[in-house]
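So for the sequence shown, the working numbering puts the first residue at 13; every next one is plus one. Heads up, the beta-carbon is just placed ideally off N, CA and C, and yes, glycines get one too.
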Amino acid sequence: MKPAIADGHVVTIHYRLTLDDGSIADESFGGDPLVYLHGAQNIVPGLERQLAGRKIGDSCEVTVPPGEGYGEYDPAAEQTVPKTAFPPNVELQVGMSFQTRGRNGRPMPVWIRKLAGDDVVVTANHPMAGQQLNFKVEVLDVRRATAEEKKHGHAHGPGGHHH
Ligand code: ZN
């Protein structure tokens, strides 16, 4: 019997992510498939939820609203900082991400949204925040996770360890 995708399974998929403007944001077709541990938040919540119950050989289209994807766009999460706040040896570009510390002191990723003279507008919004995510998915493999994979919270490759 073919196992259906459920928590504690390692799942191999090919996927194509298309945004509403028709642009392809990401895809694995033609390259290495994505291998992830289901139920461990390795992928966006809406995709994980809608892949549950699928089986090897299934092919599907999955639509994920922003709230279950990379979040709603929050205009308040923007901040203007001087260029001098960045390492001098880095050529700043729109879309680059940096690790900063949030108000609670925990590491928080930010992305460069705009370069304006000596100022840099950074945002805590993921570049795909506010976007509906349209996935085309093919399920290539489903297997039970090993105890070690469950402990680590991610899938390991066929050659054993990955770290
Ligand atoms: Zn590991």
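Euclidean distance between Cα positions of residue i and residue j
{"i": "G107", "j": "G43", "result": "23 Å"}
{"i": "L145", "j": "F41", "result": "17 Å"}
{"i": "V22", "j": "R28", "result": "19 Å"}
{"i": "A167", "j": "G83", "result": "25 Å"}
{"i": "E39", "j": "E160", "result": "28 Å"}
{"i": "A16", "j": "G51", "result": "13 Å"}
{"i": "T30", "j": "G117", "result": "35 Å"}
{"i": "Y48", "j": "H138", "result": "21 Å"}
{"i": "T112", "j": "G165", "result": "24 Å"}
{"i": "K126", "j": "V133", "result": "5 Å"}
{"i": "V56", "j": "G169", "result": "21 Å"}
{"i": "T92", "j": "D131", "result": "6 Å"}
{"i": "G34", "j": "V154", "result": "30 Å"}
{"i": "D70", "j": "K95", "result": "49 Å"}
Reduced DSSP secondary structure (H/G/I, E/B, other) of residue i
{"i": "Q62", "result": "helix"}
{"i": "A10", "result": "For residue 10 there is no data in the structure shown, the boundaries of the chain being 13 and 175."}
{"i": "E160", "result": "helix"}
{"i": "A12", "result": "No answer is possible for residue 12: it lies beyond the span of the chain, which begins at 13 and ends at 175."}
{"i": "P121", "result": "strand"}
{"i": "P139", "result": "coil"}
{"i": "P94", "result": "strand"}
{"i": "A89", "result": "helix"}
{"i": "E39", "result": "strand"}
{"i": "E103", "result": "coil"}
{"i": "E73", "result": "strand"}
Heavy atom of the ligand ADP within 7 Å of residue i beta-carbon
{"i": "H21", "result": "Looking for the ligand ADP in the displayed structure turns up nothing; the ligands present are the ligand ZN."}
Reference residue i, options the options, closest by Cα
{"i": "E150", "options": "M120, H26, E60 and V56", "result": "H26"}
{"i": "G58", "options": "K95, I36, L152 and G81", "result": "G81"}
{"i": "T135", "options": "V56, P121, P170 and V47", "result": "P121"}
{"i": "W123", "options": "D130, K14 and A89", "result": "A89"}
{"i": "A141", "options": "P45, G79 and Q91", "result": "G79"}
{"i": "L152", "options": "I68, D33, Q143 and G34", "result": "I68"}
{"i": "T24", "options": "D33, E60, G34 and D32", "result": "E60"}
{"i": "Q53", "options": "A18, M13, G34 and P45", "result": "A18"}
{"i": "A104", "options": "D86, R115 and A128", "result": "Note that residue 104 corresponds to Leu in the displayed sequence, not to Ala. Here the closest residue by C-alpha is A128."}
{"i": "K148", "options": "M13, P45 and G20", "result": "P45"}
- the region 60-75 touching the region 93-106, judged by at least three CB pairs closer than 8 Å: Flag = no, the region 60-75 and the region 93-106 do not touch.
- Mind the definition here: the region 68-86 touches the region 105-125 only if three or more C-beta pairs lie below 8 Å; say whether that holds. The count of Cβ pairs closer than 8 Å, one atom from the region 68-86 and one from the region 105-125, stays below three, leaving the stretches out of contact.
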